[in-house]
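Participant:
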Amino acid sequence: MTTGRDPGRAPELAAELAGRLDALLAADDAERARRYPGPSADRQPVHTAYVPADRFSAGTARQWGEAALRALDEHGPVPGFDESEHAKVRDKLTREPVEDLRIDFEDGYGIRPDEVEDAAAVSAATALAESLGAGGAPPFTGLRMKSLEPAVRRRGLSTLALFLDTLLGLAALPAGFRITLPKVSSVRQVQAMVECCAALESRLGLADGQLRFEIQVETPQAILGPDGIALVAPMISAAAGRCAGLHYGTYDYSASLGIAAAFQSMAHPAADHAKAVLQVAAAETGIAVSDGSTNVLPVGGTAAVRQAWQLHAGLVRRSLERGFYQGWDLHPAQLASRYAATFRFFTDGQAAARARLAAYSARRETGIADEPATVRALTDYLARGVACGALDEPS
1 MTTGRDPGRA
11 PELAAELAGR
21 LDALLAADDA
31 ERARRYPGPS
41 ADRQPVHTAY
51 VPADRFSAGT
61 ARQWGEAALR
71 ALDEHGPVPG
81 FDESEHAKVR
91 DKLTREPVED
101 LRIDFEDGYG
111 IRPDEVEDAA
121 AVSAATALAE
131 SLGAGGAPPF
141 TGLRMKSLEP
151 AVRRRGLSTL
161 ALFLDTLLGL
171 AALPAGFRIT
181 LPKVSSVRQV
191 QAMVECCAAL
201 ESRLGLADGQ
211 LRFEIQVETP
221 QAILGPDGIA
231 LVAPMISAAA
241 GRCAGLHYGT
251 YDYSASLGIA
261 AAFQSMAHPA
271 ADHAKAVLQV
281 AAAETGIAVS
291 DGSTNVLPVG
301 GTAAVRQAWQ
311 LHAGLVRRSL
321 ERGFYQGWDL
331 HPAQLASRYA
341 ATFRFFTDGQ
351 AAARARLAAY
361 SARRETGIAD
371 EPATVRALTD
381 YLARGVACGA
391 LDEPS
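Residues in the sequence shown are numbered from 1 upward in steps of one, following our numbering.
(1) Is the number of C-beta pairs between the region 125–134 and the region 75–84 that are closer than 8 Å three or more?
(2) Does Gly327 pass the burial test, meaning 16 or more other C-beta atoms within 10 Å, or should it be called exposed?
(3) Whole angstroms is fine: what's the gap from Arg322's alpha carbon to Gly8's?
(4) Among Glu106, Thr141, Ala351 and Val89, which one has its Cα closest to the Cα of Glu149?
(5) For Glu85, collect the residues of the same chain with a Cβ closer than 7 Å to its Cβ; drop the 5 residues on either side in sequence, then sort them by chain order.
(6) Helix, strand or coil: how does DSSP classify Thr366 here?
(7) What residue does the alpha helix (DSSP H) around Ala375 start on, and which one ends it?
(8) Please report the residue range of the beta strand (DSSP E) in which His47 lies.
(9) Looking at Ala61 and Pro174, is the spacing between their C-beta atoms short of 8 Å?
(10) Of the residues Ser337, Val280, Gly176 and Met235, which one's Cα is nearest the Cα of Ser186?
(11) Which class does Glu106 belong to by DSSP, given the choice of helix, strand or coil?
(12) Where does Phe163 sit, in a helix, a strand or coil, going by DSSP?
(13) Going straight from the alpha carbon of Met193 to that of Asp370, what length do you get?
(14) Taking the DSSP output, what are the residues bridged to Phe140?
(15) Asp22 lies in the alpha helix (DSSP H); which residues open and close that run?
(16) What does DSSP give as the partner residue(s) for Gly327 in the beta ladder?
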């Protein structure tokens, strides 16, 4: 019995249909490729160290490393970590103690008279230029300005302009330089920041797009707008390619929700919800997401320091397991627990990750059916471990 069908026509029909769909979806394909270029190949720091502007000097990164080493000498070990792990942490604290340093003119600095903040902006920019010239600056640097809320808008813009003008009179803008814009609460604020960056580039002789900024999510309005729309993705779009990161602000966000101070934490369910929104909005955009901080600092006697280290290390590990590879550090001694927890996270999974990649490459059947997306995640995991110093380059 014949069906009347001609199998030889299938390639022709498929080609005709593909051509029609290519035309139909051309604009959609281009827009998706623009919005979602995939993960960035650039290194993401494992932390951002916040230093009040009036306490920043050319030697701050080195001094933080030295302070962390002294804390280990006096109060170590970090609970739960062995001597071989501490040796690697000590090497990191000596070689590259701070990966990302943010000179803070916002909450960590506070409100000062204009002439005082002006002087701090000039002094901090001069110190950054000095550290860049001496080779002592971290791989990533920048400043956190005051927000674009009306009460501090002019002060924040004045500080940003004065800082950049001073810095560029002494040194080239470093590749890893970022501006952190705090307390973002609307898409229009992001658009305004884009205009600000473009104007500064034009006036200061920078290339178009050279100034990039991080959106700091510290208000519920950034997560859910008045019309019920999640605003983080529109904020990324409004940044017009200038958004370098999304940073979660633990305590401002928690306080805005009315969470009692004793229960404000990176591990609170409200924090997890906000960070999940950031994570989804940033997925495949190449924009890095950073967790927040703990305000329980490793200071005081040995028992108090070790307790703070244990808490911090646990929170760092928790963030890493949830796909947040960066967080904030507010005190030099937190570097010890930051690197101890981060290094263990990568060394714990190194052997299994390499074995899975080898099996996939050899098309060898194992008890895990990895797909290309997971292979990419395994490769990225190992690359992050190498970049921060937890893992050695594969031989």
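Glycine included, C-beta positions come from ideal geometry on N, C-alpha and C.
Facilitator: Looking at the coordinates:
(1) As far as the Cβ criterion goes, the region 125–134 does not touch the region 75–84, which means the pair count is below three.
(2) Position 327 of the sequence shown, counted from the start, is the residue given in the question as residue 327. In summary, Gly327 is buried, with 16 or more beta-carbon neighbours lying within 10 Å of its beta-carbon over all protein chains present.
(3) The count along the sequence shown starts at 1 and reaches residue 322 at position 322. The count along the sequence shown starts at 1 and reaches residue 8 at position 8. Taking the straight line joining both Cα atoms gives about 51 Å.
(4) As a working mapping, residue 149 is identified with position 149 in the sequence shown. Closest in alpha carbon position to Glu149, among Glu106, Thr141, Ala351 and Val89, is Glu106.
(5) In the sequence shown, the residue the question calls residue 85 occupies position 85. Taken in chain order, the residues that qualify are Ala340, Phe343 and Arg344.
(6) Within the sequence shown, residue 366 is the residue found at index 366, counting from 1. Looking at Thr366 - three-state DSSP - the assignment turns out to be coil, as it is neither helix nor strand.
(7) Working through the sequence shown from its first residue, we reach residue 375 at position 375. In the sequence on display, residue 375 carries Val and not Ala. Start and end: Pro372 to Cys388.
(8) Counted from its first residue, the sequence shown places residue 47 at position 47. Element bounds for His47: His47 to Pro52.
(9) Start at 1 with the first residue of the sequence shown, and residue 174 comes out as number 174. Start at 1 with the first residue of the sequence shown, and residue 61 comes out as number 61. No, the Cβ-Cβ distance between Pro174 and Ala61 is not below 8 Å.
(10) In the sequence shown, residue 186 corresponds to position 186, counting from 1. The residue from Ser337, Val280, Gly176 and Met235 with its alpha-carbon nearest to that of Ser186 is Met235.
(11) Along the sequence shown, one-based indexing puts residue 106 at 106. Note: Glu106 maps to coil in three-state DSSP.
(12) Within the sequence shown, numbered from 1, the residue matching residue 163 stands at position 163. In the three-state reduction of the DSSP assignment, Phe163 falls in the helix class.
(13) Indexing the sequence shown from 1 puts residue 193 at position 193. Indexing the sequence shown from 1 puts residue 370 at position 370. Met193 and Asp370: Cα-Cα distance of roughly 42 Å.
(14) Position 140 of the sequence shown, counted from the start, is the residue given in the question as residue 140. DSSP, once it has assigned bridges, lists Asp100 as partnering Phe140.
(15) The sequence position of residue 22 within the sequence shown is 22, counting from 1. Looking at the DSSP string, the run of the alpha helix (DSSP H) that includes Asp22 is Ala10 to Arg35.
(16) For the purposes of this step, residue 327 is taken as residue 327 along the sequence shown, with counting starting at 1. Among the bridge pairs identified by DSSP, Gly327 is matched with His47.
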